[in-house]
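Protein sequences appear in the order of chains A and B.
The first sequence begins at 3 in our numbering and counts up by one.
The second sequence begins at 397 in our numbering and counts up by one.
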Amino acid sequence: MWNKTFEARTANFHMNAFKKRSNANCYYSPGVDRFFAVDTLDPYTALEIAQLLSGKMPGIAVCILGVEDAFLTNDNCHNFTLSEKQVFATGASILFSRQIPAIRRFPPNSVVKTESMPLDYKDNAHFEVFLQFKQYAQFVIQAWHAAKQCDCIFNFMPMEQYANNFFKELDPGFDTPADNVNGELKTGVTNEIRKILYFSNTHTEALEQIAQMWRTNNTPLSQAWRTQFYNLLEIDPPTDLLNAEIDIERYSGYLL
Amino acid sequence: MEQQPLSLNDSLYFSSINFNGYQNDFWTNTYNETGTGGKFAIDLARRLNPNRYVSRNASEWTNPWPQEIIPKYAMVDYDPTFNLSFTEVSDLKALDFKQRINSKNERFAMMYSGGIDSTIMVVALLKNLTAEELKNISICTSIPALVENPAFWRKYIYGKFEIIDSMTNKYHDLILRGYTPVTADDGDCIFGTVFGIGLYHNWMPVAIRAGFTEERKAQIAQRITRFNDPEVHYSEFKDLLSAYFAVPPNQKYPLVGQANPDPEFGRRLYDKFARNCETAGMPIRSLHDFFWWLIFNVKMLNCGVRGALYYNDLVDPDTAIHAIENWYMFPGYQHWSMNNNNNGQKILGSAATYKKAGRDYIYDFDRNPWYKTFKLKLESMALNVVRQEINVDLPNGRPSARFGITSDYRLLDIDKPDVQEYIRHHLNNFQITWSE
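1) According to DSSP, which residues form a beta bridge with Asn-447 of chain B?
2) Out of curiosity, what's the CA-to-CA distance linking Lys-695 of chain B and Glu-464 of chain B?
3) Quick check on Ala-165 of chain A - is its C-beta less than 9 Å from some C-beta in chain B?
4) Report yes if the C-beta distance between His-80 of chain A and Phe-38 of chain A is below 9 Å; otherwise report no.
5) Within 9 Å (strictly less), CB to CB, does Met-1 of chain A reach chain B?
6) Enumerate, from N- to C-terminal direction, the unbroken alpha helix (DSSP H) stretches of 4 or more residues contained entirely within the segment 705-780 of chain B.
7) To the nearest angstrom, how far is it from the Cα of Leu-243 of chain A to the Cα of Gln-654 of chain B?
8) Please tell me whether Asp-582 of chain B and Asn-722 of chain B are closer than 9 Å, where the distance is taken between their beta carbons.
9) Name the two residues that bound the continuous alpha helix (DSSP H) containing Arg-605 of chain B.
10) From which residue to which residue does the alpha helix (DSSP H) around Cys-79 of chain A run?
11) Report the neighbours of Pro-222 of chain A on chain B: residues whose CB is nearer than 8 Å to its CB, in chain order.
12) Check whether the Cβ atoms of Leu-595 of chain B and Phe-687 of chain B sit closer than 9 Å, and answer yes or no.
13) With Tyr-29 of chain A as the anchor, note down where its beta strand (DSSP E) starts and where it stops.
14) With a threshold of 9 Å between beta carbons, is Tyr-554 of chain B in contact with chain A?
15) Using 10 angstroms around the beta-carbon of Ile-155 of chain A, count the other beta-carbons present and answer buried if the total reaches 16, otherwise exposed.
16) Run the CB neighbour count on Phe-98 of chain A, radius 10 Å, all protein chains shown included, and call it buried at 16 or more, exposed below.
17) Kindly indicate which three-state DSSP category Met-161 of chain A falls into: helix, strand or coil?
18) Spatial neighbours of Val-590 of chain B within its chain, please: CB distance less than 7 Å, with the 5 preceding and 5 following residues excluded, ordered by chain position.
19) Determine, for Arg-550 of chain B, whether the minimum Cβ-Cβ distance to residues of chain A falls below 9 Å.
20) Once you ignore the five residues that flank Met-3 of chain A on each side, which residues in its own chain have a CB closer than 6 Å to its CB?
21) Counting contacts by CB-CB distance shorter than 9 Å, is Ala-231 of chain A in contact with chain B?
22) In chain B, which residues lie with their C-beta within 8 Å of the C-beta of Ile-250 of chain A?
23) Mind checking who Val-64 of chain A pairs with in its DSSP beta bridge?
24) Less than 9 Å between CB atoms is the rule here; does Val-815 of chain B satisfy it with respect to chain A?
25) State yes or no: is the C-beta of Thr-204 of chain A within less than 9 Å of the C-beta of Tyr-138 of chain A?
26) If we count the other Cβ atoms within 10 Å of its Cβ and call it buried at 16 or more, is Gln-225 of chain A buried or exposed?
27) Check the Cβ-Cβ distances between Pro-546 of chain B and every residue of chain A, and say whether any is below 9 Å.
28) So if I threshold CB-CB distances at 8 Å, which residues from the segment 176-196 of chain A count as touching chain B?
29) Ignore the nearest five residues each way along the sequence and tell me which others in Ala-547 of chain B's own chain have a CB closer than 7 Å to its CB.
30) Answer yes or no: does any C-beta atom of chain B fall closer than 9 Å to that of Phe-169 of chain A?
31) Since Ser-538 of chain B meets chain A, which of its residues come closer than 9 Å, beta carbon to beta carbon?
32) Check distances from the C-beta atoms of the segment 712-737 of chain B to those of chain A and list, in chain order, the residues that come in under 7 Å.
33) With a threshold of 8 Å, are at least 3 pairs of Cβ atoms found where one atom belongs to the segment 158-167 of chain A and the other to the segment 175-186 of chain A?
34) For the structure I just gave you, are there three or more beta carbon pairs, one from the segment 599-612 of chain B and one from the segment 536-553 of chain B, closer than 8 Å?
35) Please confirm whether Pro-543 of chain B has its beta-carbon closer than 9 Å to some beta-carbon of chain A.
36) Name the chain A residues that come within less than 8 Å of Met-506 of chain B, Cβ to Cβ?
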């Protein structure tokens with residue numbers, strides 16, 4: 003379900019030439035010495051996704067590959083590794099001494115196919131955990147892109163972002179909501195999804211928490227927002243949300 | 397104290413047919429039960445939500461219920477000999493504030509959005525008041541204002557004025573703290589309306605939807621670029637305007653569309669506006685005149701009082717309406733507006749020349765070419781109001797349930813049976829007298 007790359011609906015947002023290449027960005031685990039995910043989307047968000055996963059998997063390296071490199075997919079990427087691991091990224095070797103993810107563009111032919119998983123991860127419980135992580139990582143790629151795309155479309159006045167980016171020294175202490183959803187949530191929909199993705203362990207757990215967030219913030223603006231979020235993920239919203247009446251206790255923007 | 401029930405003979409100062417989510421069911425049910433005239437009034441809200449249109453002078457305009465104009469908002473008489481420039485009027489307005497500061501130590505809270513209208517207010521004060529006098533000026537604003545004009549904020553406001561967060565301070569906060577709140581919400585009314593600009597530059601989809609012939613489209617293309625030309629009368633565009641005013645069949649929330657909107661509505665609304673223009677008491681000629689008159693006359697009341705009625709929960713409507721100062725209700729601006737049609741002062745061609753006189757006034761002060769050349773009109777106030785809690789019971793009732801005020805300033809709640817009966821009665825008896 004979550005292994006789509008160029009055929010995923012989220013890929014359409016980018017209008018890039020990657021529709022013929024699934025692995026523009028490859029997510030590498032130094033500890034396992036294998037790739038666990040690939041995507042064809044923008045590299046800046048790929049680094050954010052690595053950060054979302056960094057509480058579970060330390061030292062993730064997002065490797066930006068060239069067109070000459072091997073063609074890997076989310077189904078077979080764990081059969082591949084880096085050919086050259088003495089690469090420095092964020093002040094340390096790609097292999098150790100990092101918790102925070104790194105991103106690097108790699109030279110041609112940086113990826114090699116392996117015969118099998120390393121011994122420690124071969125047909126055992128470790129491998130099962132690795133596969134669980136792999137599945138979750140592929141979900142996070144889609145979910146975080148969907149969340150960001152929705153934020154671009156629906157967060158029409160991201161005050162917190164502007165205040166932080168441009169007015170830190172010129173702000174006398176304004177109220178700066180993260181978005182205009184105007185529900186119970188004070189941190190903002192996108193920030194909340196980011197936090198859920200960081201702390202959840204499975205896509206089921208994350209989706210349930212996200213659904214709960216929509217339930218408690220079912221305002222006129224959040225309705226279109228969440229519809230698009232689920233649409234981009236290509237899954238149906240929970241039935242109760244589909245039929246939920248909008249909470250008009252919260253202002254929709256039409257009072258004036 | 398229990399409020400006196402609304403009598404069918406009571407007249408209103410303000411009324412609001414508003415699809416705001418909370419009131420949708422009431423208006424939809426009422427629509428289905430009322431006659432042609434009542435349907436027209438509700439369709440007007442569906443097309444130009446909300447329907448709060450009231451004529452400010454003796455020009456022909458009928459409302460469903462007995463209607464009076466709040467004296468503060470009555471239009472000045474047209475004086476074709478008026479010849480002050482926009483700069484002179486703006487400076488005069490600031491000098492009025494100067495006098496009030498020096499004579500009675502009045503304190504002003506300027507509602508500043510970073511848009512052209514509110515920037516004009518601040519420029520006028522910065523130009524005409526001394527540093528000592530400016531101590532009586534506070535700026536009530538929020539982050540979107542900084543975003544609209546960051547350079548102005550950094551250079552002229554931050555660190556120089558007391559700042560009040562408009563997101564967390566409503567009008568009642570300002571009034572109760574002894575300020576005179578000053579709003580530029582009525583600024584659009586002296587320049588025109590983006591409702592018109594939306595047609596000048598995007599008329600083709602309207603013509604296509606309405607099935608105009610290629611010949612007619614070519615005629616419009618040739619004439620509409622002269623929307624600012626008194627030689628091209630607005631009535632030349634009657635068919636286009638009628639199509640533009642029609643109720644779209646598939647409106648989204650909260651403007652729930654009717655399956656079968658009245659196909660004659662667009663023409664009837666054109667006839668109503670046109671009749672109002674014909675009886676304006678001053679020349680209304682070009683297409684921009686037509687739209688300008690619409691907002692200058694029948695929409696200005698809404699621009700003037702909506703802050704007092706929907707961003708104020710504690711101060712009674714009479715006090716709030718009179719405590720809040722509308723910068724552009726200053727007679728000088730009203731006269732300027734009536735005497736500067738079709739001369740390039742209100743708009744040249746593109747949307748980024750709208751409010752040309754105001755842009756020039758600001759530029760003469762701050763020399764910011766970006767703002768002068770590119771600034772667009774935004775709905776600034778909505779960014780604040782979008783966050784307020786609207787269904788809580790407050791001294792002035794629920795903001796989302798407010799329907800209007802009577803001519804003795806009683807606030808009317810849509811949930812009250814007497815108010816509902818009043819609305820239904822008058823909608824049922826409302827006749828379309830201006831059109832076939």
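Ideal placement from N, C-alpha and C gives every residue a C-beta, glycine not left out.
Once the coordinates are examined:
1) Asn-447 of chain B is bridged to B:Ile-413.
2) 14 Å
3) yes
4) yes
5) Any property of residue 1 of chain A remains undetermined from this structure, which presents chain A solely from 3 to 258.
6) 713-719, 727-734, 752-762, 765-770
7) 25 Å
8) Yes, Cβ-Cβ distance for Asp-582 of chain B and Asn-722 of chain B is below 9 Å.
9) 599-605
10) DSSP places Cys-79 of chain A in no alpha helix (DSSP H); its state is neither H nor E.
11) Gly-417, Tyr-649, Pro-650
12) yes
13) Tyr-29 of chain A: member of the beta strand (DSSP E) spanning 27-31, first to last residue.
14) For Tyr-554 of chain B, the closest Cβ of chain A is nearer than 9 Å.
15) exposed
16) exposed
17) helix
18) Answer for Val-590 of chain B: Lys-773, listed in chain order.
19) Yes, Arg-550 of chain B counts as interfacial toward chain A.
20) none
21) Looking at the sequence itself, residue 231 of chain A is Phe, so the reference to Ala does not match. So no, Phe-231 of chain A is outside the interface.
22) Gly-417, Tyr-418, Asn-787, Ser-796
23) A:Tyr-29, A:Ile-105
24) Not an interface residue.
25) In this structure, Tyr-138 of chain A lies closer than 9 Å to Thr-204 of chain A by Cβ.
26) With at least 16 other beta carbons inside 10 angstroms of its own, Gln-225 of chain A counts as buried.
27) yes
28) Phe-176, Asp-177, Thr-178, Pro-179, Asn-182, Asn-184
29) Asn-764
30) yes
31) Met-161, Phe-176, Asp-177, Thr-178
32) Within the segment 712-737 of chain B, no residue has a Cβ that lies closer than 7 Å to any Cβ of chain A.
33) The segment 158-167 of chain A, when compared against the segment 175-186 of chain A, does touch it at the 8 Å Cβ threshold.
34) No, they do not touch.
35) Strictly speaking, residue 543 of chain B in this sequence is Val, with Pro absent from that position. Judged by the 9 Å Cβ criterion, Val-543 of chain B is in contact with chain A.
36) Here the premise fails: no neighbours, minimum Cβ distance about 15 Å.
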